[in-house]
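Numbers given in our numbering equal positions in the sequence shown, counted from 1, plus 6.
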Amino acid sequence: MLPEMKRSVWLALAALAAGCVSAMCAFQSPFREYPGQEYDNFPLPPDYQEKTEFVFARLMYPDAPGGLGGFGRGGRGRGGRGFMADWRQGYTWWTNDYPRADRHLLAALRRLTRAQVRSVEQPVNLEDGDDVYDWPFLYAATFNWQLTDFQVAKLRDYLDRGGFLICDDFWGDAAWQVFMASMSRVYPDRTPVDIPDNDPVFHTVYDLDKRYQISGQWSLRSGVPYMNGGVDPHWRGIYDGKGRLVVAIWFNNDTGDSWEWADAPEYPERYSALGIRMAVNHMVYAMTH
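If you want it as structure tokens, here you go:
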């Protein structure tokens with residue numbers, strides 16, 4: 007067993023899972039998949055139809071009009087289709103690093119935790135009736151999102167009911183403004199704050215007091231570990247009225263790339279080491295708080 011493991015957390019997680027897994031599995035929608043900006047034919051693992059107690063759910067969303075460009079590198083995606091396609095059909099910014107990052111992370115979660123984890127992700131559309139409420143954990147690569155009024159209201163209701171959202175992979179002041187244009191409508195009454203080092207989310211499984219910027223695979227080409235002026239990494243959050251973290255914001259970090267490229271020998275291991283540990287901690291936090 008890993009030395010950093012908190013035995014009490016796993017006991018609580020096991021008790022929680024035993025009590026709710028049957029109800030959760032009963033309502034999970036079938037697996038679905040969309041073409042991504044970078045991948046449209048990634049192999050499916052054999053358990054892709056299994057209903058499990060934890061599923062990594064990825065939030066689908068519309069792009070902001072005009073966009074922010076391709077991370078300052080002359081565009082990104084499949085021949086520019088990411089900026090023209092219908093977001094409900096894939097290709098757009100919500101598919102950044104999808105599905106390779108998701109499936110690499112899920113393989114790690116299966117090794118490092120005792121939770122029953124499916125090896126594939128689930129794209130979640132806030133417009134699909136009550137579907138979002140069956141997935142208590144959401145991840146979003148929020149580089150260029152713009153939520154509709156309906157989606158804003160649905161996301162706020164989801165979070166108020168106990169849901170949990172991670173926002174990742176956006177850099178610099180311009181991207182922060184685009185991000186906040188939607189998030190401030192979800193929570194007009196709350197402001198993101200830097201999460202203190204002693205917050206439980208940094209200590210559920212691993213002690214993560216000493217964090218560092220997680221750079222992407224693109225930095226191997228550029229030689230610069232940040233983009234768009236995002237020099238300083240931040241781990242910010244929004245808390246509910248009872249002090250529970252409901253939105254984790256990984257700003258000036260490319261944690262998704264740390265999962266996507268975890269098996270690439272040329273990609274620095276230290277990035278994947280922190281990125282996977284961050285995901286494990288947040289998954290356990292979401293399921294136990």
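From the three backbone atoms N, C-alpha and C, an ideal C-beta is built for every residue, glycine too.
Bear in mind that the values here come from a model prediction, so they are computed numbers and not experimental data.
Does N150 pass the burial test, meaning 16 or more other C-beta atoms within 10 Å, or should it be called exposed? Buried, since its Cβ has 16 or more Cβ neighbours within 10 Å.
Residues that V199 bridges to, as DSSP identifies them: G243
According to DSSP, is V123 helix, strand or coil? strand
Are the segment 167-183 and the segment 258-265 in contact at 8 Å, needing three or more beta carbon pairs? yes
So, with DSSP's three-state summary, where would you put D69? strand
Residues of its chain near V199, where Cβ-Cβ distance is below 7 Å and the 5 sequence neighbours each way are ignored: R242, G243
Best match in P49, Y145, S228 for proximity to V286 [C-alpha to C-alpha]: Y145
Run of the alpha helix (DSSP H) containing V158, from where it starts to where it stops: 155-166
V126 and L65: beta carbons closer than 8 Å? no
Here's the rule: buried if 16 or more other CB atoms are within 10 angstroms of the residue's CB, otherwise exposed. What is N102? It counts as buried.
Chain-order list of residues whose beta-carbon lies under 8 Å from that of E6 (same chain, five-residue window excluded): Residue 6 is absent from the structure shown; the chain starts at 7 and stops at 295.
Kindly indicate which three-state DSSP category D179 falls into: helix, strand or coil? helix
Close beta carbons around R250, own chain, < 6 Å, minus the five adjacent residues each side: H295
In chain order, what residues of the same chain lie with their CB nearer than 8 Å to the CB of R227, ignoring the 5 residues before and after it? none
In three-state DSSP terms, what is A268? coil
Under three-state DSSP, which class holds R191? It is helical.
I220 lies in the beta strand (DSSP E); which residues open and close that run? Here I220 belongs to no beta strand (DSSP E), and DSSP marks it neither H nor E.
Have a look at R37 and G281 and give me their C-alpha separation to the nearest angstrom. Correcting the residue identity first, residue 37 is Phe in this sequence and not Arg. Each residue's alpha carbon lies about 25 Å from the other.
May I ask you to report which of helix, strand or coil DSSP gives F185? Residue state for F185 is assigned as helix, using DSSP reduced to three classes.
Would N131 pass as a contact of R94 if the rule is Cβ separation under 8 Å? yes
Where D213 falls: helix, strand or coil (DSSP): D213: coil per DSSP, three-state reduction.
T98 versus P71, A121, R117, L118, residue with shortest Cα-Cα distance: P71
Can you tell me whether DSSP reads W93 as helix, strand or coil? It is helical.
Tell me the residue span of the alpha helix (DSSP H) that contains V130. From DSSP, V130 is part of no alpha helix (DSSP H) but of the beta strand (DSSP E) over 128-130.
By Cβ distance below 8 Å, which residues in the same chain neighbour Q55 in space, the five residues on each side in sequence not counted? P36, F37
Local Cβ density within 10 Å of Y218, reported as buried at 16 or more and exposed below that: exposed
Compute the Euclidean distance between the alpha carbons of E10 and P194, then round it to the nearest angstrom. Low per-residue confidence applies at E10: pLDDT is 48, beneath 50, and the placement is therefore not dependable enough to give any value.
Between the Cα of D179 and those of D205, S188, N234, D166, spot the shortest distance and give me the residue it belongs to. N234
Between the beta-carbon of F185 and the beta-carbon of T154, is there less than 8 Å? no
Between the alpha carbons of D134 and A292, how many angstroms are there, rounded? Straight through space, the alpha carbons of A292 and D134 are spaced by roughly 22 Å.
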